[in-house]
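Shown next, in structure tokens, is the structure this report addresses.
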């Protein structure tokens, strides 16, 4: 074994071998003298600050422990493993991004021919950093002795933001070099041979020509290419001689063409550190769903997940009718994932300040809107342009569907809720029956809030608005709508993975009481294994909020019979002799018309429940919309239960939210005519309990 091998075995590369193991706070290196020719008054360019290796002479592999090369490479491995804090401005660059900026080269392509004309180090760009941060935070890691499981990513994007370079040449090469061991490989699935061939060639060239030799050794031995073809690229070592010579794979990328649903499980039975869906928008039928279902167990077992599933691409919804990618993106929790979207205004090559790396968003949007205006006469071309270069999630996935509601209004409300922290008033937890000192049910229902930092998968199925909890002495304030996923099942039939979920929305009616009103106050969303368990949750919601009337999306008598058996059938709202409605055909048009009225009167500005706002964005599409169905049941019920004790003008005022009775002190949520809302400052008063403090709430409604 040569000296370099001894040094590596002694620990020079030891930190790299377990690069995913721990995550202590990164330590800033001693402040260097930043050499730059820039005369910009803003100071040094981020291209100099965050790519220090490019300004340095990379030393050869160390000759002896403790020499200057040994110290230099040890520092680099520490930065790659933990990330790095730039000493000039204390800006943190995570390990993925540091490795990508300083040790990776990406192909430079001719704009007209797409041929590769050379390889360059990537630039620091604000949008790249955001994507790298998302990926870095989703990997498995250990902090203060606690291991956090990896999570998955569903990524939607426009064309030409450099996603493949980052995710494949950057993050996959990182995993290829540093996340080996225990037979953990990298798998990539492709919808077309063209896309697969291009990536195979790029990764091979990166390894062969542009990765520093220091990274191509293991325990003192140079890693040889063991397998190199259109489906596999593996490096490792050879053992034996002559005809008995065998290649032992140490690092392995597997490329697989998934041309149909029957090919969807190519990685089953192996362990992977990362599996990627390439060009998710081109996968046909249910191939994408099947690919996820058949290969996800390669990334973990039991409660532990060591690898991440990454689904990314441009939706291609203009040419591909499959709903799989869209369903994944808008329902990420079903796939144990985070959804992330990049609009065309981010990472737009001609609109990036390279000195700061920042996106020039306003300039980019102006350019995009001007181009769209110029092609308005060509509806097909305009629609394709929106799909290829979307400004929001809806444009990316809805090319041919006429959606019911104005997406710009709803997206603005979503941004308003997020930026003002209004969603923090919603807390998760469980509704439970209270027991007395002898363990007997009292008939009273209480809400038990989840403790702070409860993992998402362990949170209760109820979301409660702390600004709308039940109050003693006030009754008849709440109505509910239910979408029941059991409604189409035959007796004994089990739910399938893709069936909808049970959903209940509880809504506080418009009222002259001096309280928060005309808003959703609770959401139940879950898929329990049995009907009775689900119906108990519906019942607990009715009791906790003293709901006297609920409109049920009626397709079966199961829930109706369940309530009647408990003498609670009076809580359902009957339309004629039918205990509910079926939201389809003319009825769907009618409830959607009520939704248009609700939107036109700005009542949607009182909605701070993000899952509901996202559901309204998709209302009108073919996507299964459990929350939207339950909410439109509420709208129908509100319309039917207008208070006939009031005169017509007052009824209209209350239902539209356009005014308030002059003799009350009703708190009006949302924007009022003539009122321009300003950003909240730190001294604003928030109604209700502050999030983070678990509480138990009770109700005065009982049943035995």
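In mature numbering (1 follows the signal peptide of the UniProt record, and there is no 0), the protein residues as written are -21 to -1, 1 to 683.
We put the beta carbon where it would ideally sit given N, CA and C, even for glycine.
- Residues of its chain near residue 138, where Cβ-Cβ distance is below 7 Å and the 5 sequence neighbours each way are ignored: 293, 367, 368
- Query: residue 562 and residue 509 look like a contact to me (Cβ under 8 Å); what is the Cβ gap, rounded to whole Å?
  - Reply: At roughly 24 Å, the Cβ-Cβ gap does not stay under 8 Å, so residue 562 and residue 509 are not in contact.
- Query: Do you know how far the Cα of residue 413 is from the Cα of residue 146?
  - Reply: 50 Å
- Message: Can you list, in chain order, the residues of its chain with a C-beta nearer than 6 Å to that of residue 372? Leave out the 5 residues immediately preceding and following it.
- Response: 320
- Touch check for the region 163 to 181 and the region 246 to 253: three-plus C-beta pairs under 8 Å? yes
- Item | DSSP beta-bridge partners of residue 482 | 462, 504
- Query: Beta carbon of residue 227, beta carbon of residue 218: below 7 Å?
  - Reply: yes
- Task: From the DSSP output, read off the bridge partner residues of residue 413.
- Result: Note: residue 413 sits in no beta bridge, so no partner.
- Message: Quick check: what's the CA-CA separation for residue 268 versus residue 390?
- Response: 27 Å
- Going by the beta-carbon positions, is the gap between residue 531 and residue 520 smaller than 7 Å? no
- Could you spell out the range, first to last residue, of the beta strand (DSSP E) harbouring residue 423? 420 to 428
- Taking just the CA atoms, how far does residue 197 sit from residue 363? 49 Å
- Based on Cα-Cα distance, which residue from 85, 107, 19, 74 lies nearest to residue 120? 74
- Query: At what residues does the beta strand (DSSP E) containing residue 612 begin and finish?
  - Reply: Here residue 612 belongs to no beta strand (DSSP E); instead the alpha helix (DSSP H) covers 605 to 619.
- Item | Where residue 124 falls: helix, strand or coil (DSSP) | coil
- Query: Could you give the distance in angstroms between the alpha-carbon of residue 254 and the alpha-carbon of residue 423?
  - Reply: 48 Å
- Item | Every unbroken alpha helix (DSSP H) inside the region 11 to 71 [4 residues or more] | 25 to 28, 47 to 61
- Exposure of residue 350, with buried meaning 16 or more beta-carbon neighbours within 10 Å: exposed
- Message: Tell me the DSSP secondary structure of residue 246 in three-state form.
- Response: coil
- Task: List the DSSP bridge partners of residue 228.
- Result: 215
- Item | residue 549, enclosing beta strand (DSSP E) - first and last residue | Premise fails: residue 549 is in no beta strand (DSSP E) and is neither H nor E.
- Query: Which same chain residues, not among the five before or five after residue 506, have their C-beta less than 6 Å away from its C-beta?
  - Reply: 480
- Query: residue 87: buried (16+ other C-beta within 10 angstroms of its C-beta) or exposed?
  - Reply: exposed
- Decide if the region 553 to 571 is in contact with the region 484 to 499; the criterion is three or more beta carbon pairs, one per stretch, under 8 Å apart. no
- Task: State buried or exposed for residue 417, treating a residue as buried only when at least 16 other CB atoms are found within 10 Å of its CB.
- Result: exposed
- Give a single yes or no on whether residue 324 has its beta carbon closer than 6 Å to a heavy atom of the ligand ATP. Absent from the structure shown: the ligand ATP. Ligands present: none.
- Task: Pull up the distance between the alpha-carbon of residue 629 and that of residue 392, whole angstroms please.
- Result: Low local confidence applies: a pLDDT of 39 at residue 629 is under 50, so the model's placement there is unreliable, and no value is given.
- Query: Quick one, are the C-beta atoms of residue 133 and residue 308 less than 7 Å apart?
  - Reply: yes
- Item | Where residue 18 falls, given that 16 or more other Cβ within 10 Å makes a residue buried | exposed
- For residue 172, which residues of its own chain have a beta-carbon under 7 Å away from its beta-carbon, when the five flanking residues on both sides are left out? 236
- Item | residue 348 versus residue 296 - alpha carbon distance | 21 Å
- Item | beta strand (DSSP E) segments (min. 3 residues) lying fully within the region 242 to 309 | 250 to 256, 287 to 292
- Task: Could you check what DSSP says for residue 151 in three-state terms: helix, strand or coil?
- Result: helix
- Message: With three or more beta-carbon pairs closer than 8 Å as the criterion, would you say the region 424 to 431 touches the region 513 to 527?
- Response: yes
- When you compare only the Cα positions, how much space is there between residue 352 and residue 180? 39 Å
- Going along the chain, which residues of its own chain have a beta-carbon closer than 7 Å to the beta-carbon of residue 201, five neighbours each way excluded? 195
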